[in-house]
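In what follows, a structure is listed as structure tokens, so that the remarks can point back to it.
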Amino acid sequence: MPGLELERVNVWLGAQHVLKNIDLNVAQGECVALLGPSGCGKTTTLRTIAGFVVPQEGHVSIAGKSTKNLPPNKRNVGLVFQDYALFPHMTVSENVGYGLRMRKIDGSARAQQVEQALAMVQLLHMKDRMPSQLSGGQRQRIALARALVTQPDILLLDEPLGALDRKLRDQMQVELKQLQKKLGITTIIVTHDQEEALSLADRVAVMFDGQIAEIGKPMDLYETPSSLRVMEFLGSSNTLSMIVSYRDASNATLSGYQRYAIQVQKCAFDMGTRITAAIRPEHIHILPIAELATDTLEATTVECVYKGGLVEVHCHLSDGTPIKAQSDASCVQRLNLMQQGLKIALRLEPSRIQLFSNSPNEHTHDRT
Amino acid sequence: MQQSSEYQARGYQTVVQAISWFTIVFLLFPVLLTVIVSFNASFFIEFPPKALSIDWYGNIEKIHRIGHATLISALIALASAAVATLFGICASLALVRTELPAKAAITAFLVSPITIPMVAIGIALVQFFILIGTAFTWYSLLIGHIVLVLAYPIRTLVASLTLSNISLEEAARSLGATRRQVFITITLPQMTPGLISGFIFAFLISFDNYPISIFLVRGGLTTMPIELFNYITQNLDPTPAAFSSLYIAIVSVIIFFAEKRWRIISYAIH
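Chains as they are written, first to last, in our numbering: chain C, 22 to 389; chain G, -8 to 261.
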């Protein structure tokens, strides 16, 4: 049984075409993240699933049941808002028990289920507090308990960790993932934080301009994205404008507009085509200038940015193209990379170079 | 508010404090004077009083029809505040929770009685009521007062509804509540401070209104401020000061407890 199906969903808000032909199939128990910049339609997608937005075209089914003409209160969804939306005039247990109260579950049955839900998020001792007396992390857990106590068919999380500080966010990420797996509940997470999406979800759908640009497992999406836009949105990347200058069955040579060239193993483009080569900083190795060879590029250091554990080294290629390589503290010390204007050699892992067409409508790439 | 060092400079603080104290004294002085005069033993209003007494409080009943007029004022104030609050609930829901076109224009229209001189409203109302043949009735007085106080509950209710995040209502919906259940269990409790403060302010504005009432009353239909003013025009003794002091005391107590419980003043000046 599919957990959630969206079929050719189109939404216009006023004159604006907010969702364009959204197709999404989520398996029972799967966790899918909708990731994209603000205004890409990810929140509207979530609100469409919850029933607050009615699509003009297409349809949505939850747990195999069509949601046509179903108001939000009849959909059996669990919703957690970014601001948690705890009812400020009710205690923690009244908040958690609200969904049960609306389902006419009363007395000891309700009290028991509320206690179970609170125990699940380890906040049973807070049951008589008011929401204003809780910390951000506690509010988040109460919101989760309130959404889950009614045993919804699907859990919808809107920027669930957005309002928490860094340390708490990492902790809640682990807790959320464990809880989701334990309950086996179909889950949709809306987020603009790529780290949150990649770490929490089984699959990530990257959205741009009201469309799903690409959907896939986090690792596939990060390592071999189908378009330059997805690659640049997910994490850090370098892009180089190149021309395919030589190509045979097993090899291809790409030339920069000036002096350098790089070798790649697979290239789907014809000789003479102008393309964009992209590579992530962690796939560029920094070598001393003495080791400059045919498979390396000469570069000049500009700046070292210390990121705690890792160091991002900003360089220029011989024609001035900026390029970032990732390194560690020991390498920085060994090669004295803190020095500006130092000549170094960069080795780009050939298998990690992604090639993209320069024409924006074509999403051709070297993954075949 | 910006907390730059510029605003914490000594000179700046001194000026702000001086203006604040002057304003407080300016506002409080007439009130204090009224209370002091009400305990004056002399027949004529004099300050400072040479001897003190509470005799003038016993004299309040001598004000012509004061009991009857106060009762009418209270009834009119209760009824107009209740109706205005009910209208305010509907108006604020429409203004805050719906995609209404020309919201700013509608809001300006609904709160416009605050900006129009009361005498003008009074003249307009009495002409209108004479035209439709219901002038100088209990109903026309009530309608006049509803027009007068309508703006206050609208303002406080719009404020409290704006402060209450719509995601609360959506959360309740997704937890299985119907629209009606959401309104009763979530929206209305969230509107309570605005509702209470709007009601209290509407009540008080109506209760001591003179300039509109003067056009709408006649004969037995009379209100407390009108009888009080009639007494003042014909007598010079401090009886009205005694009545006013009593009134000030009661209102202060109501406002004090309402502010403590619902923070009504913060909503009224929002």
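Beta carbons: idealized from backbone N, C-alpha and C, even for Gly.
Inside the segment 150 to 194 of chain C only - alpha helix (DSSP H) runs reaching at least 4 residues | 157 to 169
With DSSP collapsed to three states, give me the class of THR389 (chain C).
-> Your numbering for residue 389 (chain C) matches position 368 in the first sequence. Annotation note: pLDDT 32 at THR389 (chain C) (below 50); position unreliable, coordinate value reported separately. Reduced to three states, the DSSP call for THR389 (chain C) is coil.
Helix, strand or coil: which one does DSSP assign to LYS202 (chain C)?
-> Within the first sequence, numbered from 1, the residue matching residue 202 (chain C) stands at position 181. Three-state DSSP puts LYS202 (chain C) in a helix.
Partners in chain G for PRO181 (chain C), counting only beta-carbon separations shorter than 7 Å | Working through the first sequence from its first residue, we reach residue 181 (chain C) at position 160. In chain order: nothing, as chain G lies at least about 13 Å away.
Which residues bound the beta strand (DSSP E) around LEU338 (chain C)?
-> The residue you call residue 338 (chain C) lines up with position 317 of the first sequence. LEU338 (chain C) -> beta strand (DSSP E) spans 331 to 338.
Could you give the residue range of the alpha helix (DSSP H) that holds MET215 (chain G)?
-> The count along the second sequence starts at 1 and reaches residue 215 (chain G) at position 224. From DSSP, the alpha helix (DSSP H) with MET215 (chain G) extends over 215 to 225.
For the putative contact between VAL227 (chain C) and ALA234 (chain C), defined by C-beta atoms under 8 Å, what is the C-beta separation to the nearest angstrom?
-> On the first sequence, position 206 is the one that residue 227 (chain C) refers to. On the first sequence, position 213 is the one that residue 234 (chain C) refers to. Indeed, because the Cβ distance is near 5 Å, the residues count as touching under 8 Å.
Of all Cβ atoms in chain G, is any one closer than 8 Å to the Cβ of MET151 (chain C)?
-> As a working mapping, residue 151 (chain C) is identified with position 130 in the first sequence. Not one chain G Cβ lies under 8 Å of MET151 (chain C).
Report the three-state DSSP secondary structure of ASN94 (chain C) (helix, strand or coil).
-> Locating residue 94 (chain C) in the first sequence gives position 73, counting from the first residue. Residue state, collapsed to three classes: helix.
May I ask you to report which of helix, strand or coil DSSP gives VAL28 (chain G)?
-> Here residue 28 (chain G) corresponds to residue number 37 of the second sequence, with the count starting at 1. Note: VAL28 (chain G) maps to helix in three-state DSSP.
Nonlocal neighbours in the same chain, by C-beta distance under 8 Å from ILE255 (chain G), ignoring five residues either side | As a position in the second sequence, residue 255 (chain G) is number 264, starting the count at 1. Excluding residues within five positions, the ones whose Cβ falls inside 8 Å are THR147, PRO184, ILE187, SER188, ILE191, PHE192, ILE246 and ALA249.
Consult DSSP for PHE190 (chain G) and reduce its assignment to one of helix, strand or coil.
-> As a first step, residue 190 (chain G) must be located in the second sequence, where it is residue number 199. Correct three-state label for PHE190 (chain G): helix.
Can you have a look at ASN90 (chain C) and say buried or exposed, based on whether 16 or more other CB atoms are within 10 angstroms of its CB?
-> The residue you call residue 90 (chain C) lines up with position 69 of the first sequence. It counts as exposed.
Determine the burial state of SER236 (chain G): buried for a count of at least 16 other Cβ atoms within 10 Å of its Cβ, exposed for fewer.
-> In the second sequence, residue 236 (chain G) corresponds to position 245, counting from 1. Looking at its Cβ environment, which holds 16 or more other Cβ atoms inside 10 Å, SER236 (chain G) is buried.
Report the option in C:ALA166, C:PRO302 and C:LEU182 whose CA atom is closest to the CA atom of THR212 (chain C).
-> Here residue 212 (chain C) refers to the residue found at position 191 when the first sequence is read from its first residue. Of C:ALA166, C:PRO302 and C:LEU182, the residue nearest in Cα terms is C:LEU182.
Beta-carbon contacts of ALA75 (chain G) that lie in its chain and below 6 Å, excluding the five residues immediately before and after | As a working note, residue 75 (chain G) is residue 84 in the second sequence. ILE137, VAL140, LEU141, PRO144 and ALA193.
Buried or exposed (CB count within 10 angstroms, at least 16 for buried), ARG96 (chain C) | Here residue 96 (chain C) refers to the residue found at position 75 when the first sequence is read from its first residue. Its Cβ being crowded by 16 or more others within 10 Å, ARG96 (chain C) is buried.
Within chain C, the residues that SER188 (chain G) reaches when beta carbons sit closer than 9 Å | Here residue 188 (chain G) refers to the residue found at position 197 when the second sequence is read from its first residue. The contacting residues do not exist; SER188 (chain G) stays about 17 Å from chain C at best.
At least one CB of chain G closer than 8 Å to the CB of LEU100 (chain C): is that the case?
-> One-based indexing of the first sequence puts residue 100 (chain C) at position 79. Interface residue, yes.
Whole-Å CB distance - GLY85 (chain C) paired with PRO173 (chain C), under 8 Å assumed | Sequence index remark: in the first sequence, residue 85 (chain C) carries index 64 (1-based). Sequence index remark: in the first sequence, residue 173 (chain C) carries index 152 (1-based). Contact doesn't hold; Cβ gap of about 14 Å is too wide.
For the beta strand (DSSP E) that contains HIS59 (chain G), what are its first and last residues?
-> In the second sequence, residue 59 (chain G) corresponds to position 68, counting from 1. Unbroken run through HIS59 (chain G) is the alpha helix (DSSP H), 57 to 88; no beta strand (DSSP E).
How many Å lie between ASP349 (chain C) and ILE296 (chain C) at the Cα?
-> Locating residue 349 (chain C) in the first sequence gives position 328, where the first residue counts as 1. Locating residue 296 (chain C) in the first sequence gives position 275, where the first residue counts as 1. If you take the alpha carbons of ASP349 (chain C) and ILE296 (chain C), they lie about 31 Å apart.
Of all the options C:GLY341, C:GLN199 and C:GLU303, which has the alpha carbon lying nearest to the alpha carbon of SER372 (chain C)?
-> Counting from one through the first sequence, the residue named residue 372 (chain C) turns up at place 351. Measuring from the Cα of SER372 (chain C), the nearest candidate turns out to be C:GLU303.
What span of residues does the beta strand (DSSP E) with ASP44 (chain C) cover, start to end?
-> Taking the first sequence and counting its residues from 1, one reaches residue 44 (chain C) at position 23. Segment 37 to 48, the beta strand (DSSP E) holding ASP44 (chain C).
Could you tell me whether the Cβ of LEU18 (chain G) comes closer than 8 Å to any Cβ of chain C?
-> Taking the first residue of the second sequence as 1, we reach residue 18 (chain G) at position 27. Not an interface residue.
Would you mind listing the alpha helix (DSSP H) stretches within the segment 216 to 296 of chain C that are 4+ residues and don't spill past its ends, in chain order?
-> 239 to 244 and 249 to 254
Closer than 8 Å to chain G by CB, ASN31 (chain C) = By one-based count along the first sequence, residue 31 (chain C) stands at place 10. No, ASN31 (chain C) does not count as interfacial toward chain G.
Does the count of Cβ pairs from the segment 64 to 76 of chain C and the segment 197 to 216 of chain C closer than 8 Å reach three?
-> yes
Helix or strand or just coil, what does DSSP make of ARG122 (chain C)?
-> Locating residue 122 (chain C) in the first sequence gives position 101, counting from the first residue. Three-state result, ARG122 (chain C): helix.
Indicate whether at least one CB of chain C lies closer than 8 Å to the CB of ALA162 (chain G).
-> Position 171 of the second sequence, counted from the start, is the residue given in the question as residue 162 (chain G). Answer yes: the Cβ-Cβ gap between ALA162 (chain G) and chain C drops below 8 Å somewhere.
Cβ-Cβ distance between PRO93 (chain C) and SER165 (chain G) below 8 Å = For the purposes of this step, residue 93 (chain C) is identified with residue 72 of the first sequence, where counting begins at 1. For the purposes of this step, residue 165 (chain G) is identified with residue 174 of the second sequence, where counting begins at 1. Yes.
Is any beta-carbon of chain G found at less than 8 Å from that of GLY24 (chain C)?
-> For this step, residue 24 (chain C) is matched to residue 3 along the first sequence. GLY24 (chain C) does not count as touching chain G.
Sheet register partners of TRP33 (chain C) (DSSP bridge) | Taking the first residue of the first sequence as position 1, residue 33 (chain C) is located at position 12. The partner list for TRP33 (chain C) (beta bridge, DSSP) reads C:HIS38.
Can the beta-carbon of ILE283 (chain C) be found less than 8 Å from the beta-carbon of LEU318 (chain C)?
-> Here residue 283 (chain C) refers to the residue found at position 262 when the first sequence is read from its first residue. Here residue 318 (chain C) refers to the residue found at position 297 when the first sequence is read from its first residue. Taking 8 Å as the Cβ cut-off, ILE283 (chain C) and LEU318 (chain C) qualify as a contacting pair.
Please state whether DSSP places GLU161 (chain G) in a helix, a strand or coil.
-> If you number the second sequence from 1, residue 161 (chain G) lands on position 170. GLU161 (chain G) falls in the helix class under three-state DSSP.
Test: THR169 (chain G) CB closer than 8 Å to a CB of chain C = On the second sequence, position 178 is the one that residue 169 (chain G) refers to. Closer than 8 Å to some Cβ of chain C, the Cβ of THR169 (chain G) qualifies, so yes.
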